[in-house]
Amino acid sequence: MRAHFRPAALMAAMTICLGMVDDSNAQETTETSASKEIVVPEIESTPFDDSQQKSKLYREGFATGYHWAFSKGHQGCPTHPSLRNLAFIRGWVEGWQAAIADGGTRSLPGLYAKYLKWDDEVRPEETGFRSLFDGTSTDGWLVAPNKPYAGPLEEGAIQPHKAGGRYVYHDDVFENFELRLEVKQSSEKTNSGIFIRLVDPTKHFGNPKKNPRSGFEIQVGPGGTGNHDFGAIYDLVPAAENVQRPVGEWNEVQVYANGPRIVVTVNGLRTATLNADEWAEPGKRPDGTNHKFLAAIAELPRRGHIGFQDHGSKAWFRNVRIRELPSSERSELGGEN
1499 MRAHFRPAAL MAAMTICLGM VDDSNAQETT ETSASKEIVV PEIESTPFDD
1549 SQQKSKLYRE GFATGYHWAF SKGHQGCPTH PSLRNLAFIR GWVEGWQAAI
1599 ADGGTRSLPG LYAKYLKWDD EVRPEETGFR SLFDGTSTDG WLVAPNKPYA
1649 GPLEEGAIQP HKAGGRYVYH DDVFENFELR LEVKQSSEKT NSGIFIRLVD
1699 PTKHFGNPKK NPRSGFEIQV GPGGTGNHDF GAIYDLVPAA ENVQRPVGEW
1749 NEVQVYANGP RIVVTVNGLR TATLNADEWA EPGKRPDGTN HKFLAAIAEL
1799 PRRGHIGFQD HGSKAWFRNV RIRELPSSER SELGGEN
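As structure tokens, this is what we get:
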């Protein structure tokens, strides 16, 4: 993230309601035995330092968004963006991002999601990423069995439904990587998926109890906390929380695959983590319960295609980019944690 604050310097806890900030009685906060008060990083400069009023609004928004990421229920009282100046909104989003980096877990409200689009000003720096789909060119994308994907392209997105095969997939294969993309659903009951390490897309369909599978599916579907809900690793690891945004809004998805470890993040919240080495028995999860697949998950190939599933309903996939990991990398997401 392109930060305008200094994490080491802390301001007082701020009282938030309906998006307003009151720091008139600012003082250093301390952790009590009952709870830990939220403190906001001090902002050294803002993107609006040439305007005192806009800079003030940005700082208020930053504090509000920061609190939101740590709050529960109606705490933080986010107001509709249309009621706010853009300087406040930008501060709100960047404050939320700063809080997520500091351990906040609350998802960005859907109404604010579209304001993640200040070019590279708000998004984290994406050094080393390669675009797989830029919204216009379908070069490298195929439909099983190995036919060039000719569309449909809708809203600058790949839309696999009725594209001519069960999967739209990229011709290249990837082993250890970080994948980022945006996904939108046609209904709350959309059934689709993001596939990684898919070895043979021409055979990967039908009853998994009868047809050996490769790869892993990140579920795009109903909101919830089950094995088949949005953000789950399909039929293996349930989604940790309901992260689905309202129908018609874009969801930010990140998939990190490093050796045996797969981590899924949706809309800023980690939803599923799997260590394949722990899944040594065919058809069994580590806790002894059954899953649908014939093979032991630990034995699945760790190199394959990226693909998007047509399972009878529309879903859109855009802004697809990938970063292949150096063999030595073990980050917070991919390391032993």
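Residues in the sequence shown are numbered from 1499 upward in steps of one, following the working numbering. Heads up, the beta-carbon is just placed ideally off N, CA and C, and yes, glycines get one too.
Annotated three-state conformation of residue 1745 is coil, per DSSP. DSSP places residue 1715 in the uninterrupted beta strand (DSSP E) bounded by 1714-1718.
By the CB criterion at 8 Å, residue 1729 and residue 1745 fall outside the cutoff.
Annotation: residue 1814 is outside any alpha helix (DSSP H); the continuous beta strand (DSSP E) that includes it extends over 1813-1822. Annotation for residue 1608: 1743, 1744 and 1747 place their beta carbon closer than 8 Å to its own, counting only its chain and skipping 5 residues before and after. Collapsing the DSSP output to three states places residue 1628 in a strand. Contact annotation, residue 1681 with residue 1718: C-beta distance approximately 6 Å; criterion of less than 8 Å satisfied. Exposed is the label assigned to residue 1787, since fewer than 16 other Cβ atoms lie within 10 Å of its Cβ. Apart from the 5 residues on each side of it in sequence, residue 1774 sits with its Cβ closer than 6 Å to the Cβ of 1758, 1795 and 1796 in its chain, given in chain order. Using a 10 angstroms sphere on the CB of residue 1649, the tally of other CB atoms stays under 16, which defines it as exposed. Within the DSSP bridge table, the entry for residue 1667 names 1640 and 1805 as partners.
Cα atoms of residue 1595 and residue 1566: separation of roughly 10 Å, rounded to the nearest angstrom. In this structure, the beta-carbon distance from residue 1699 to residue 1665 falls below 8 Å. Between residue 1679 and residue 1817 a beta carbon distance of about 6 Å is seen, short of the 8 Å cut, so the two are scored as contacting.
Around the C-beta of residue 1727, 16 or more other C-beta atoms lie within 10 Å, and the residue is accordingly described as buried. Per DSSP, the unbroken alpha helix (DSSP H) holding residue 1558 starts and ends at 1550-1568. With contacts defined as CB atoms closer than 8 Å, residue 1752 and residue 1677 qualify as a contacting pair. An exposed status is given to residue 1625, since fewer than 16 other beta-carbon atoms sit within 10 Å of its beta-carbon. With fewer than 16 other CB atoms across the displayed protein chains lying within 10 angstroms of its CB, residue 1644 is exposed. If you draw a straight line from the Cα of residue 1669 to the Cα of residue 1815, it is about 16 Å long.
When C-alpha distances from residue 1550 are compared across 1570, 1660 and 1586, the shortest belongs to 1586. Distance from the CA atom of residue 1598 to the CA atom of residue 1539, rounded to whole angstroms, is 13 Å. Pairing residue 1716 with residue 1762 gives a Cβ-Cβ distance under 8 Å. Residue nearest to residue 1806 within the set 1792, 1630 and 1756 is 1630 (criterion: CA-CA distance). Per DSSP, the continuous alpha helix (DSSP H) segment holding residue 1584 begins and ends at 1584-1599. From the listed residues 1756, 1771, 1634 and 1803, the smallest Cα separation to residue 1739 is found for 1771. Straight-line measurement puts the Cα of residue 1606 at about 19 Å from the Cα of residue 1555. Its chain contains 1541, 1544 and 1589 as the residues whose beta carbon lies nearer than 7 Å to that of residue 1557, once the 5 sequence neighbours on both sides are disregarded; these appear in chain order. DSSP places residue 1691 in the strand class (E or B) of the three-state scheme.
Shown here, residue 1750 sits in a strand according to DSSP, grouped into three states. In this structure, residue 1819 places its C-beta atom within 8 Å of the C-beta atom of residue 1627. When DSSP reads this structure, residue 1787 sits in no beta bridge, so it has no partner. Looking at the DSSP output, residue 1677 sits in a beta bridge with 1753 and 1820.
DSSP places residue 1770 inside the beta strand (DSSP E), whose first and last residues are 1767-1773.
A straight-line Cα-Cα distance of about 10 Å links residue 1667 and residue 1694.
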